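Chains U and V, in that order, give the protein sequences.
Quick note on the numbering used here: the first sequence kicks off at 1 and runs consecutively.
Quick note on the numbering used here: the second sequence kicks off at 340 and runs consecutively.
The next block holds one structure in the form of C-alpha cells; read it before the comments.
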Amino acid sequence: MHFDLDEDQRALRDTVRRLAEEVFPVERTRGWAEPGGFDRAAWSALAELGTFAVYQPEERGGLALPVVNAVLAYQTLGACLVPGPLVAAALAADLDGDSGAVGGGEVVPAVVVRPEPGAPLLVEHLRDADVVYVLDAHGIERLDPAALTATPITVPLDPTTPLSLVTDLPRGDQVGDAAQAARWSLLGSLLSSALLVGHALRVLDLATAHAQQREQFGRPIGTFQAVKHMLADCFARGEVARAAVDAAGVIIDEPGALDITEPGSGGGPAVRAVAAARVLAAEAALLSCRTAIQAHGGMGFTWEVDLHLHLKRALLLETSYTTSDAAAEAVAQSLQRVP
Amino acid sequence: MLLLDSESEAQFRKEIRAWVRQAVPQLGGPPPERDWQARRRYDSAWQRMLADAGYAGIHWPREYGGRGASPAEHLIFLEESAAAGAPDLGVHFVGQLHAGPTLIAEATDEQRAFHLPRILSGEAVWCQGFSEPGAGSDLAGLRTRAVRDGDHYVVTGQKIWTSYGPVADYCELLVRTDPDAPKHRGITWLIMPMDSPGVDVRPLRTIHGDSEFAEVYLDEVRIPVANRVGAENDGWRVAMVTFGFERGTAFVRELITARSHVADLAALARVLPRGAGTAWDDAGLRRDIGRVAAELDALWALTKRNVTRGMVGVIPPAGGSAFKLSYSETLHHLSALIIRVLDRAALSMDDLPGLPTGQLVHAQLHAFAISIGAGTSQIQRNILAERVLGLPKER
Ligand SMILES: Cc1cc2nc3c(=O)[nH]c(=O)nc-3n(C[C@H](O)[C@H](O)[C@H](O)COP(=O)(O)OP(=O)(O)OC[C@H]3O[C@@H](n4cnc5c(N)ncnc54)[C@H](O)[C@@H]3O)c2cc1C
Chain U
1 MHFDLDEDQR ALRDTVRRLA EEVFPVERTR GWAEPGGFDR AAWSALAELG
51 TFAVYQPEER GGLALPVVNA VLAYQTLGAC LVPGPLVAAA LAADLDGDSG
101 AVGGGEVVPA VVVRPEPGAP LLVEHLRDAD VVYVLDAHGI ERLDPAALTA
151 TPITVPLDPT TPLSLVTDLP RGDQVGDAAQ AARWSLLGSL LSSALLVGHA
201 LRVLDLATAH AQQREQFGRP IGTFQAVKHM LADCFARGEV ARAAVDAAGV
251 IIDEPGALDI TEPGSGGGPA VRAVAAARVL AAEAALLSCR TAIQAHGGMG
301 FTWEVDLHLH LKRALLLETS YTTSDAAAEA VAQSLQRVP
Chain V
340 MLLLDSESEA QFRKEIRAWV RQAVPQLGGP PPERDWQARR RYDSAWQRML
390 ADAGYAGIHW PREYGGRGAS PAEHLIFLEE SAAAGAPDLG VHFVGQLHAG
440 PTLIAEATDE QRAFHLPRIL SGEAVWCQGF SEPGAGSDLA GLRTRAVRDG
490 DHYVVTGQKI WTSYGPVADY CELLVRTDPD APKHRGITWL IMPMDSPGVD
540 VRPLRTIHGD SEFAEVYLDE VRIPVANRVG AENDGWRVAM VTFGFERGTA
590 FVRELITARS HVADLAALAR VLPRGAGTAW DDAGLRRDIG RVAAELDALW
640 ALTKRNVTRG MVGVIPPAGG SAFKLSYSET LHHLSALIIR VLDRAALSMD
690 DLPGLPTGQL VHAQLHAFAI SIGAGTSQIQ RNILAERVLG LPKER
C-alpha cells in the first residue's frame with residue numbers, strides 16, 4: 001500500500017499547473033463563452049502536454065499512465081479554472097486512431113448524455129465541437145454537430161462555458177457498445193469529480209488569503225472563530241473528498257475494474273468508489289465555493305472576483321455525467337453487495 | 340498510488356488471518372456490556388493470547404517487546420482482527436496507544452523494564468488522568484498540585500472523565516509542580532499506582548448508562564519521584580510526545596465498526612415497514628444512507644493516506660484533525676439516520692423481537708464520544724485554522 005503522490009505524479013501536477021497558468025490565465029478565459037472565445041492555440045498546447053490522453057496507450061498517442069494520474073491532472077485543471085470540454089476530450093480520446101486527433105487537440109469533441117425524455121437538453125461546448133458523441137446506457141453514437149438542431153444560450157450561468165439548447169438530437173453512428181458507454185459514464189463522472197476537488201481546494205486558498213489580509217474591528221477577519229471554523233470545515237471536507245477521488249482513480253486502475261459487461265447492473269467496487277467520490281467532491285466544492293464567497297463579504301458578490309466563476313463551474317460539473325443524488329443512490333444500492 | 344497490499348503485506352495479512360481466525364473461537368463470547376471487571380478479564384485474556392503469539396504491541400518497536408510492524412501492517416492487523424470478530428484493545432487502550440508509547444519515548448530504563456512487559460501481557464491496565472473539572476479543552480490550565488517532599492511528590496486535586504479509571508492499575512497523571520511558571524511550563528508527568536493511599540475513584544455514569552469513566556479524587560497521594568517520566572516541569576512536552584506516535588491507525592477499528600453499522604442500517608431499512616412498503620422505499624432516506632456510506636468510504640481512503648504518510652513520519656495535523664473532525668460529523672449524520680430509520684424502535688436500547696436494533700441505538704450515542712473526547716470538534720477546527728491554514732491566533 002502506498003496511497004500518496006509519488007515524485008512523477010507531483011511533477012505531472014506541477015507541469016499541468018505551469019501550463020494552465022501560462023496559457024489559460026483567468027483574465028483570458030473569462031470571455032471563453034463569448035462568441036469567438038474559444039482559443040484553439042491554447043487548447044492545442046494543453047493537448048500537446050498529453051492532458052487528454054494520460055491513460056491512453058502509446059499507439060493512440062497517449063502517455064500510457066494510470067487513470068489516477070489523469071485524476072491528479074484534472075484536479076489541477078479545476079483549480080486553475082481551465083475552460084473547454086476537458087472531460088469530453090479525455091473520453092473521446094478512447095476512439096482516437098493512431099493520429100490521436102482528439103488527444104492531440106486537432107479535433108474538439110462534445111459529449112452529450114442523453115436526457116430523460118421531456119427534459120430540456122442543455123449541452124456545453126457544442127458551439128466549438130467538431131464532433132458530437134451521444135452517450136446512453138446502450139452505447140455511444142457519433143454525430144456531425146451540423147446534424148443537431150440547437151440554439152446557443154445567450155447568458156449561460158457559467159460565463160466561461162458556452163451552452164446550447166438542443167431541440168433535435170437525431171440518431172448517429174454507433175461507435176461504442178454498452179460496456180464502452182459504461183466506461184465513459186464512470187470516467188466522465190470521476191474526471192468531473194477531480195475537477196470539482198480542484199475548485200474546492202483553490203477557493204479555500206483564496207478565502208484563506210483574504211481572511212488573513214482583510215481587517216475589521218482592528219484585526220484580520222481570520223482571527224474570528226466564526227470565520228476560522230467555516231474555513232476549517234472546508235479544509236477538512238476538501239481533504240476527505242480529495243482522498244475519495246484519488247482512491248476512486250486507484251480502484252479504477254485495478255485489473256478488470258472497467259470491464260463492465262452488464263450495464264446498469266450496479267457494477268463492482270469501481271462503480272461504488274466513483275459514486276462515493278462524486279458525492280464527496282460535489283459537496284466539498286459547493287461548500288467551499290459558497291463559504292469562500294461568504295468570507296469575502298461584498299467583494300464575493302462581485303463579477304470582478306473570480307469566486308463566482310468557480311461556483312458556477314462547480315454547479316455545472318455537479319450535474320455532469322451524474323448528479324449527487326444519483327451517485328448517492330448508486331452507493332445506497334451497492335450496500336447489499338459491498339459491506 | 341496503490342491501495343492494494345504489496346507482496347510482503349499480503350503475506351503478513353495471510354499470517355494474521357490464519358492466526359486470528361483460530362484464536363478468536365478460543366476466547367469465548369464477550370462479557371456483559373456493563374460489567375467492567377468481566378470486561379477487564381476478557382480484554383486481558385485476549386491481550387495475553389496476542390502476547391503469546393507475538394502480536395502484542397504490534398506497532399511498538401521490537402527492542403521494547405513489540406512487533407515493529409509498519410503502519411500499513413498495523414492497519415492490516417486491525418482489519419483482519421475486526422473481520423474475525425476479535426475484541427479491540429478495550430481497557431488496554433490507554434496502555435497500548437498512549438502510556439506505553441510515552442514510556443518508550445521518555446521513560447528511564449528501569450521504568451520501561453518494569454511497565455512495558457506488563458502492558459504488553461495485559462497484566463496492567465492504565466488510565467489517563469489529564470482532564471480536570473476546570474481543565475478540559477484548556478488542558479494546560481490543570482491545577483492538581485504536586486509538592487515535593489523528599490523523594491516523593493505529594494499530590495492533591497481532582498481528575499475527571501478518566502476512562503477505565505474504575506478498573507485501572509496505573510494512571511498517567513499530569514500534575515502542576517510549578518504554579519508560578521507560565522501554564523505549559525509548570526506541569527509534570529507521573530506514573531501513579533491506582534492503589535496508592537489517598538486515591539478515590541468514583542465511577543461516573545456515561546450517556547450510555549454504564550461506568551466507562553470516573554472521577555479520581557487525589558488527597559495527599561504520595562508518589563515516588565522515581566515515578567516521574569521526563570524532567571520536572573517538562574510534562575507538557577512529554578504528554579505531547581505521544582501524539583507523535585499516531586500514524587493514522589487510531590480510528591481504524593472505529594471506522595470498520597461504523598461501516599458495518601451502515602450495512603446493518605440498510606438491511607433494517609429494507610424490512611422496517613413504512614407506509615405501504617419499507618423504509619428503503621423512501622428515496623430521500625435511501626440516498627442519505629448512501630451519502631453516509633460514501634463519507635465512510637472517503638474516510639477509509641483518508642485513513643490509507645494518513646497511514647501512508649505515517650510510514651515516513653508523523654501525521655501532520657492536516658491529516659489527523661481533518662480526519663477526526665470529519666469522522667465526528669459523519670458519525671452524527673449516521674446517528675440522525677439511525678433515528679430516522681428505526682423510528683420508535685430507537686426508543687429501546689434492548690434488541691426487539693426479530694430486530695437487532697440495540698447496537699445501533701447504542702452507536703447513535705457514541706458519536707458524542709468522538710466529537711467531544713480527545714479534543715472537541717471546535718478545538719479541531721481551531722487547530723486546522725491556526726496550524727494548517729495559518730490564520731491568526733485569537734489572543
Ligand atoms: C468518552 C470520553 C472519554 C474521555 N476519556 C478521558 C480520559 O481517559 N482521560 C482524560 O484525561 N480525559 C478524558 N476525556 C475528557 C476529554 O478530553 C474532554 O472532555 C475534552 O477535552 C473537552 O473538555 P471539557 O469536557 O472540559 O469541555 P470544555 O473544554 O469545557 O468544552 C465545552 C464546550 O466548549 C467548547 N470550547 C472550549 N474551548 C473552546 C475554544 N477555545 N474554542 C471554541 N470552543 C471551545 C468545546 O468545543 C465544547 O463544545 C474523555 C471525554 C470523553 C467524552
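Cβ atoms here follow ideal geometry from the backbone N, Cα and C, with glycine treated the same way.
As the structure is a computational prediction, the values presented were derived from the model and not from experiment.
Item to complete: Out of Gln703(V), Met388(V) and Asn566(V), point me to the one whose CA is closest to Ala438(V)'s CA.
Response: On the second sequence, position 99 is the one that residue 438(V) refers to. Out of Gln703(V), Met388(V) and Asn566(V), Asn566(V) has the C-alpha closest to the C-alpha of Ala438(V).
Discussion item. Under 8 Å, Cβ to Cβ, is there at least one residue of chain V near Met299(U)?
Written reply: Position 299 of the first sequence holds residue 299(U). No - not a single Cβ of chain V is within 8 Å of the one on Met299(U).
Fill in: Identity of the residues DSSP links to Met531(V) by a beta bridge
Against the second sequence, residue 531(V) aligns to sequence position 192. In DSSP, Met531(V) forms a bridge with Cys510(V).
Discussion item. Which of the three DSSP states is assigned to Pro410(V) in this structure?
Written reply: Here residue 410(V) refers to the residue found at position 71 when the second sequence is read from its first residue. If DSSP states are grouped into helix, strand and coil, Pro410(V) belongs with the helices.
Worksheet item: Using the beta-carbon of each residue, which ones in chain U are nearer than 9 Å to Ile628(V)?
Response: In the second sequence, counting from the first residue as 1, residue 628(V) sits at position 289. Near Ile628(V) (Cβ distances below 9 Å), the residues of chain U are Ala328, Val331, Ala332 and Leu335.
Item to complete: For Asn721(V), verify whether its CB is less than 7 Å away from any heavy atom of ligand 1.
Response: Walking along the second sequence from the start, residue 721(V) turns up at place 382. Yes; taking the cut-off as 7 Å, the Cβ of Asn721(V) has a heavy atom of ligand 1 nearer than that.
Discussion item. Strictly below 9 Å CB to CB, what residues from chain U border Ser420(V)?
Written reply: Taking the first residue of the second sequence as 1, we reach residue 420(V) at position 81. Ordered by position in chain U, no residue passes the 9 Å Cβ test against Ser420(V), which lies about 16 Å from the chain.
Discussion item. Within a Cβ cutoff of 6 Å, which residues of the same chain sit near Gln793(V), ignoring the five residues on either side of it in sequence?
Written reply: Residue coverage of chain V in this structure runs from 340 to 734, which leaves residue 793(V) outside it and unanswerable.
Fill in: Ala637(V) versus Ala277(U) - alpha carbon distance
The count along the second sequence starts at 1 and reaches residue 637(V) at position 298. The count along the first sequence starts at 1 and reaches residue 277(U) at position 277. In a straight line, the C-alpha of Ala637(V) is about 7 Å away from that of Ala277(U).
Discussion item. Please list, in chain order, the residues of the segment 235-262 of chain U that have any C-beta partner in chain V closer than 8 Å.
Written reply: Phe235, Ala236, Arg237, Glu239, Val240, Ala241, Ala243, Ala244, Asp246, Ala247, Gly249, Val250, Ile251 and Glu254
Discussion item. Taking CB distances under 8 Å as the criterion, tell me whether His2(U) reaches chain V.
Written reply: Within the first sequence, the letter at position 2 stands for residue 2(U). Taking Cβ atoms only, chain V reaches closer than 8 Å to His2(U), which makes this a yes.
Worksheet entry | ligand 1 heavy atom lying under 7 Å from the CB of Phe552(V) | The residue you call residue 552(V) lines up with position 213 of the second sequence. Checking every heavy atom of ligand 1 against the Cβ of Phe552(V), one is found closer than 7 Å.
Item to complete: Can you have a look at His138(U) and say buried or exposed, based on whether 16 or more other CB atoms are within 10 angstroms of its CB?
Response: Position 138 of the first sequence, counted from the start, is the residue given in the question as residue 138(U). By the neighbour-count rule (16 or more Cβ atoms within 10 Å), His138(U) is not buried but exposed.
Worksheet item: CA-CA distance, Arg127(U) and Arg28(U)?
Response: For this step, residue 127(U) is matched to residue 127 along the first sequence. For this step, residue 28(U) is matched to residue 28 along the first sequence. Straight-line Cα distance between these residues: approximately 18 Å.
Fill in: Neighbouring residues, chain U, relative to Asp644(V) (Cβ below 8 Å)
The residue given as residue 644(V) occupies position 305 in the second sequence. Contrary to the premise, residue 644(V) reads as Arg rather than Asp in this sequence. Under the 8 Å cutoff, chain U gives Phe3, Asp4, Ala243 and Asp246.
Item to complete: State yes or no: is the C-beta of Ala597(V) nearer than 7 Å to some heavy atom of ligand 1?
Response: Numbered from its first residue, the second sequence carries residue 597(V) at position 258. No, ligand 1 has no heavy atom inside 7 Å of this Cβ.
Item to complete: Could you name the residues of chain V that Val197(U) contacts, counting a contact when the two beta carbons are closer than 9 Å?
Response: In the first sequence, residue 197(U) corresponds to position 197, counting from 1. Under the 9 Å cutoff, chain V gives no residues; its nearest Cβ is about 11 Å from Val197(U).
Worksheet item: How is the beta strand (DSSP E) around Tyr133(U) delimited, first residue to last?
Response: Mapped onto the first sequence, residue 133(U) falls at position 133. It spans Val131 to Asp136 - the beta strand (DSSP E) in which Tyr133(U) sits, taken as one unbroken run.
Practice prompt. Give the C-beta separation of Ser189(U) and Val274(U) to the nearest angstrom, bearing in mind that I take them to be a contact with Cβ-Cβ under 8 Å.
Written response: As a position in the first sequence, residue 189(U) is number 189, starting the count at 1. As a position in the first sequence, residue 274(U) is number 274, starting the count at 1. Contact holds; Cβ gap of about 5 Å.
Practice prompt. Please list the partners that Asp340(U) has in chain V, where partner means a Cβ-to-Cβ separation under 8 Å.
Written response: A question about residue 340(U) goes unanswered here, because the residues of chain U that appear run from 1 up to 339.
Item to complete: May I ask you to check if the CB of Ser470(V) is nearer than 7 Å to at least one heavy atom of ligand 1?
Response: If you number the second sequence from 1, residue 470(V) lands on position 131. Yes - ligand 1 has a heavy atom lying nearer than 7 Å to the Cβ of Ser470(V).
Discussion item. Give me, in chain order, the residues of the same chain whose beta-carbon lies closer than 8 Å to that of Thr696(V); leave out the 5 immediate sequence neighbours on both sides.
Written reply: The residue you call residue 696(V) lines up with position 357 of the second sequence. For Thr696(V), where only same-chain residues beyond five positions count, the Cβ hits under 8 Å are Leu607, Leu681, Ala684, Ala685, Ser687 and Asp690.
Worksheet item: Of the residues Ala706(V), Ser665(V) and Ala661(V), which one's Cα is nearest the Cα of Ile677(V)?
Response: As a first step, residue 677(V) must be located in the second sequence, where it is residue number 338. The option with the nearest alpha carbon to Ile677(V) is Ala706(V).
Fill in: Pro159(U) classed as buried or exposed, judged by whether at least 16 other C-beta atoms fall within 10 angstroms
In the first sequence, residue 159(U) corresponds to position 159, counting from 1. By the 10 Å Cβ count, Pro159(U) comes out buried.
Discussion item. Whether or not the segment 545-559 of chain V and the segment 492-511 of chain V are in contact is what I'm after, with contact meaning three or more pairs of Cβ atoms, one per stretch, closer than 8 Å; do they touch?
Written reply: yes
Fill in: Within-8 Å CB hit, Val279(U) to chain V
The residue you call residue 279(U) lines up with position 279 of the first sequence. Interface residue, yes.
Discussion item. Taking its Cβ as the centre, do 16 or more other Cβ atoms sit within 10 Å of Leu343(V), making it buried, or is it exposed?
Written reply: As a working note, residue 343(V) is residue 4 in the second sequence. The residue in question, Leu343(V), is exposed, as its Cβ has fewer than 16 Cβ neighbours within 10 Å.
Worksheet entry | Sequence ranges, alpha helix (DSSP H) only - wholly within the segment 572-627 of chain V, length at least 4 | 574-580 and 591-610
Discussion item. With H, G and I counted as helix, E and B as strand and the rest as coil, what does DSSP make of Glu348(V)?
Written reply: Translated into positions along the second sequence, residue 348(V) becomes position 9. In this structure, Glu348(V) counts as helix in the three-state DSSP scheme.
Worksheet item: Shorter than 8 Å from the beta carbon of Thr647(V) to some beta carbon of chain U?
Response: Taking the second sequence and counting its residues from 1, one reaches residue 647(V) at position 308. Yes, Thr647(V) counts as interfacial toward chain U.
Discussion item. If we define contact as Cβ-Cβ less than 8 Å, is Gly222(U) a contact residue for chain V?
Written reply: As a working note, residue 222(U) is residue 222 in the first sequence. Yes, Gly222(U) counts as interfacial toward chain V.
Worksheet entry | Among His600(V), Arg726(V), Pro518(V) and Glu445(V), the one whose alpha carbon lies nearest that of Val631(V) | Locating residue 631(V) in the second sequence gives position 292, where the first residue counts as 1. Cα-wise, what sits closest to Val631(V) is His600(V).
Worksheet entry | Proximity test, Cβ basis, 8 Å: Ser265(U) and chain V | Taking the first sequence and counting its residues from 1, the one referred to as residue 265(U) is at position 265. Residue placement at Ser265(U) cannot be trusted, given a pLDDT of 47 that sits under 50; what the coordinates show is reported in the next sentence. Ser265(U) does not count as touching chain V.
Worksheet item: Looking only at C-alpha atoms, which of Val430(V), Asp517(V) and Lys643(V) sits nearest to Ala248(U)?
Response: Residue numbering aside, residue 248(U) sits at position 248 when the first sequence is read from its first letter. Nearest option by C-alpha distance: Lys643(V).
Practice prompt. Verify the contact flag: Ile530(V), CB atom, against every heavy atom of ligand 1, threshold strictly below 7 Å.
Written response: If you number the second sequence from 1, residue 530(V) lands on position 191. Every heavy atom of ligand 1 is 7 Å or more from the Cβ of Ile530(V), so no.
Worksheet entry | Buried or exposed by the 16-neighbour rule on C-beta atoms within 10 Å, applied to Ile526(V) | Taking the second sequence and counting its residues from 1, the one referred to as residue 526(V) is at position 187. So Ile526(V) counts as buried.
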